[in-house]
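Enquirer: Quick note, our numbering runs 77 ahead of the 1-based positions in the sequence shown. Even for Gly, the Cβ is constructed at its ideal location relative to N, Cα and C. Sharing a structure, written as structure tokens. Questions coming.
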Amino acid sequence: MSTLTTTCGRADIRLAGESCLPILRLLAVVGLVLFSTLATVAPAVAQGGPPAMPVTVSPPLAKRVTQWDEFSGRFEAVAQVEVRARVSGFIDKIHFRDGQLVNVGDLLFTIDKRPFEIAVESAQAELARNKAQVDLAELQVERGAALIKSRTITDAEYDQRKANLAVARAQYKSAESALRQAELNLDWSDVRAPLAGRISDRKVDAGNLIQGGQQGATLLATIVTLDPIRFVFDISEADYLRYTRLFLSGALASSRDAIPVRIRLADETDWTRKGTVDFVDNTLSARSGTMRTRAVVDNKNQLLTPNVFGRVQLFGGEYDALLVPDTAIVSDQARKIVFVVGPDNVVQARVVTVGPIIDGLRVIRDGLAPTDNVVLDGLANPMVRPGAKVVPQKGEIKAPAGPSR
78 MSTLTTTCGR ADIRLAGESC LPILRLLAVV GLVLFSTLAT VAPAVAQGGP PAMPVTVSPP
138 LAKRVTQWDE FSGRFEAVAQ VEVRARVSGF IDKIHFRDGQ LVNVGDLLFT IDKRPFEIAV
198 ESAQAELARN KAQVDLAELQ VERGAALIKS RTITDAEYDQ RKANLAVARA QYKSAESALR
258 QAELNLDWSD VRAPLAGRIS DRKVDAGNLI QGGQQGATLL ATIVTLDPIR FVFDISEADY
318 LRYTRLFLSG ALASSRDAIP VRIRLADETD WTRKGTVDFV DNTLSARSGT MRTRAVVDNK
378 NQLLTPNVFG RVQLFGGEYD ALLVPDTAIV SDQARKIVFV VGPDNVVQAR VVTVGPIIDG
438 LRVIRDGLAP TDNVVLDGLA NPMVRPGAKV VPQKGEIKAP AGPSR
């Protein structure tokens, strides 16, 4: 301070102007800062409390939103078959590559045809023999009709001839059926794809003896359809009741109608896959308390395959909602609380009921009014508490950039 006095006390006016003017300016700035601080703190000190904290406030964002409820599930095939032979025999040839796509009617396995060809030839011969018996019996009946008029043969003999004709015709019908069965077995020796889709690996190789028939038949392969494909997921009892009430009120189509869904895979961020609900189970699971639900999804590029995990968003209706950032909500045990600035800039606590996150903001279902000024920041400061006085600064709630939900 002595240096300052010595320097500023010089008689040289030019030197004083050059040396003392910056220092005087600095002192003037410091004095203004101290004055403004004292002006802010003095009223609070006079009242015996800390200074008011500045906080950013904004009314909640009011907009009409589309709610999509999110669930987990897995894909499954619309149809799946186990390929089994209807006849027994040795596998002669295999006509597909493991895992390839097949169409309806594609030849998959060939069973040794020789026994079935022999059976067809034998059935044809038996049919021819029975045809000859029918022809002979018809001729005998025709002759008997002329002889009976001249009383050359008795009525009993004529009746016997007619009975023989009926038996011959019945045996002919039986031979026809045996021939069709033999031809059918020969046709079944070619095992073909019953539906279009992707086939699994072969379960048996050529040269193996397999069992056919309705019971105990050898499994040869499996085929699953790929397009379209189903997505199966479970919804909670609470969600099921909410959807049903929305339907009863007319705000939502029936949950058993074609409600739209959006799906994404584990490595995807956008909900680009579209589908519709085609089935809702008729009972809740007694064990899990959930309702099994199924949606149909297009799979033109055949990327999706059964048992792949995914997430689904189920259309939950449209409604007018109030939205706030998740950071503006604090938890008090099981309650959710939002701070608002009321009259005289005093902080108030509002217990709210929260909904899903839509467009990056949390839906407030109950407890908040459109005119409330929600505190957006400073919640971690202990001075921002119910009953505290704050200095509100106008802000604005905006949905963050990015894909909407």
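Taking the CB atoms as reference points, tell me whether Phe167 and Gly284 lie closer together than 8 Å.
Expert: Yes. Within cutoff.
Enquirer: With DSSP collapsed to three states, give me the class of Gly166.
Expert: It is a strand residue.
Enquirer: Check the DSSP bridge columns for Leu438 and list the partner residues they point to.
Expert: In the DSSP output, where bridge partners are listed per residue, Leu438 has Ile435.
Enquirer: Secondary structure at Pro337, three-state DSSP: helix, strand or coil?
Expert: The answer is strand: DSSP assigns Pro337 an E or B state.
Enquirer: In this structure, does DSSP put Gly472 in helix, strand or coil?
Expert: Residue state, collapsed to three classes: coil.
Enquirer: Measure the beta-carbon distance from Val309 to Gly472 and round it to whole angstroms, keeping in mind my assumption that it falls under 8 Å.
Expert: With 8 Å as the limit, Val309 and Gly472 do not qualify as a contact, their Cβ atoms being about 45 Å apart.
Enquirer: According to DSSP, simplified to helix, strand and coil, what is Pro420?
Expert: Three-state DSSP puts Pro420 in a helix.
Enquirer: Contact defined as beta carbons within less than 8 Å: I believe Pro383 pairs with Val418. What is the distance between those atoms, to the nearest angstrom?
Expert: With a Cβ gap of about 55 Å, Pro383 and Val418 do not count as contacting.
Enquirer: Less than 8 Å between the CB atoms is what I'm expecting for Leu399 and Pro463, so what's the real figure, rounded?
Expert: Leu399 to Pro463, Cβ: 20 Å. No contact.
Enquirer: Report all residues from its chain with a CB closer than 7 Å to the CB of Ala476; omit the five preceding and five following residues, and keep chain order.
Expert: Excluding positions up to five away in sequence, the list reads Asp436, Gly437, Leu438.
Enquirer: Taking all protein chains shown into account, do 16 or more other C-beta atoms lie within 10 angstroms of the C-beta of Arg339, making it buried, or fewer, making it exposed?
Expert: Arg339 should be labelled buried.
Enquirer: Would the region 221-230 and the region 155-166 be scored as touching if the rule is three or more Cβ pairs under 8 Å?
Expert: Counting Cβ pairs under 8 Å, fewer than three are found: no touch.
Enquirer: Rounded to whole angstroms, what is the Cα-Cα separation between Gln288 and Leu297?
Expert: For Gln288 and Leu297, the distance between alpha carbons rounds to 10 Å.
Enquirer: Since Ala405 and Thr302 are thought to touch, with beta carbons under 8 Å apart, how far apart are those beta carbons, to the nearest angstrom?
Expert: 49 Å between Cβ atoms; not a contact.
Enquirer: Would DSSP call Thr360 helix, strand or coil?
Expert: Coil at Thr360, not helix or strand.
Enquirer: Are the CB atoms of Asp146 and Pro433 within a distance shorter than 8 Å?
Expert: The answer is yes: Cβ separation under 8 Å.
Enquirer: With DSSP run on the structure shown, which of helix, strand or coil describes Pro192?
Expert: Helix.
Enquirer: Thinking C-beta only, is Asp449 closer than 8 Å to Val543?
Expert: The question about residue 543 has no answer here: the residues shown for the chain are numbered 78 through 482.
Enquirer: Per the contact definition of three or more C-beta pairs closer than 8 Å, is the region 340-355 in contact with the region 383-396?
Expert: Enough Cβ pairs lie closer than 8 Å, so yes.
Enquirer: Using 8 Å for Cβ pairs, my map puts Pro137 next to Ile414. What's the rounded Cβ distance?
Expert: About 14 Å; that fails the 8 Å criterion.
Enquirer: Counting only runs that start and end within the region 363-425, where is the beta strand (DSSP E) found for 3 or more residues in a row?
Expert: For the region 363-425, whole beta strand (DSSP E) runs of length 3 or above, ordered along the chain, are 367-374, 386-401, 406-409, 412-418.
Enquirer: For Asp64, which residues from the same chain have a beta carbon less than 8 Å from its beta carbon, with the 5 sequence-adjacent residues on both sides left out?
Expert: Look at the range of the chain in this structure, 78 to 482, and you will see that residue 64 is not part of it.
Enquirer: Consult DSSP for Glu345 and reduce its assignment to one of helix, strand or coil.
Expert: It is coil, neither helix nor strand.
Enquirer: Below 8 Å, how does it come out for the region 198-209 and the region 239-254: are there three or more Cβ pairs, yes or no?
Expert: These segments touch.
Enquirer: Around the Cβ of Leu318, are there at least 16 other Cβ atoms within 10 angstroms (buried) or fewer (exposed)?
Expert: Per the 10 Å Cβ criterion, exposed.
Enquirer: Could you give the distance in angstroms between the alpha-carbon of Ala465 and the alpha-carbon of Ala129?
Expert: Distance between the alpha carbons of Ala465 and Ala129: 8 Å.
Enquirer: Are the beta-carbon atoms belonging to Met368 and Val354 less than 8 Å from one another?
Expert: Not a contact, by the Cβ cut-off of 8 Å.
Enquirer: As a quick exercise: from Val132, Leu263, Arg269, pick the residue whose alpha carbon is nearest that of Leu184.
Expert: Closest option to Leu184, Cα to Cα, is Arg269.
Enquirer: Provide the residue span of the beta strand (DSSP E) that contains Gln144, from first to last.
Expert: That run of the beta strand (DSSP E) goes 138-154.
Enquirer: Val374 and Gly393: beta carbons closer than 8 Å?
Expert: Not in contact: Val374 and Gly393 (Cβ atoms no closer than 8 Å).
Enquirer: With DSSP as the reference, label Ser199 as helix, strand or coil.
Expert: DSSP places Ser199 in helix when its eight states are reduced to three.
Enquirer: Can you check the region 221-289 for any beta strand (DSSP E) of at least 3 residues that lies completely inside it and give the ranges in chain order?
Expert: Taking only runs of at least 3 residues, the beta strand (DSSP E) segments lying wholly in the region 221-289 are 267-269, 274-276.
Enquirer: Between the alpha carbons of Ala119 and Leu445, how many angstroms are there, rounded?
Expert: In this prediction, Ala119 scores a pLDDT of 42, lower than 50, which makes its location untrustworthy; no coordinate-derived value is stated.
Enquirer: Are the beta-carbon atoms of Val431 and Val461 separated by less than 8 Å?
Expert: No, Cβ-Cβ distance for Val431 and Val461 is not below 8 Å.
Enquirer: Exposed or buried, Arg141, counting other C-beta atoms within 10 Å across all chains shown (16 or more means buried)?
Expert: So Arg141 counts as exposed.
Enquirer: Count the other CB atoms, across all protein chains shown, that sit within 10 Å of the CB of Ala121; report buried if there are 16 or more and exposed otherwise.
Expert: Any reading at Ala121 must be qualified, since the residue scores a pLDDT of 46, below 50, and its modelled position is unreliable; no value is offered.
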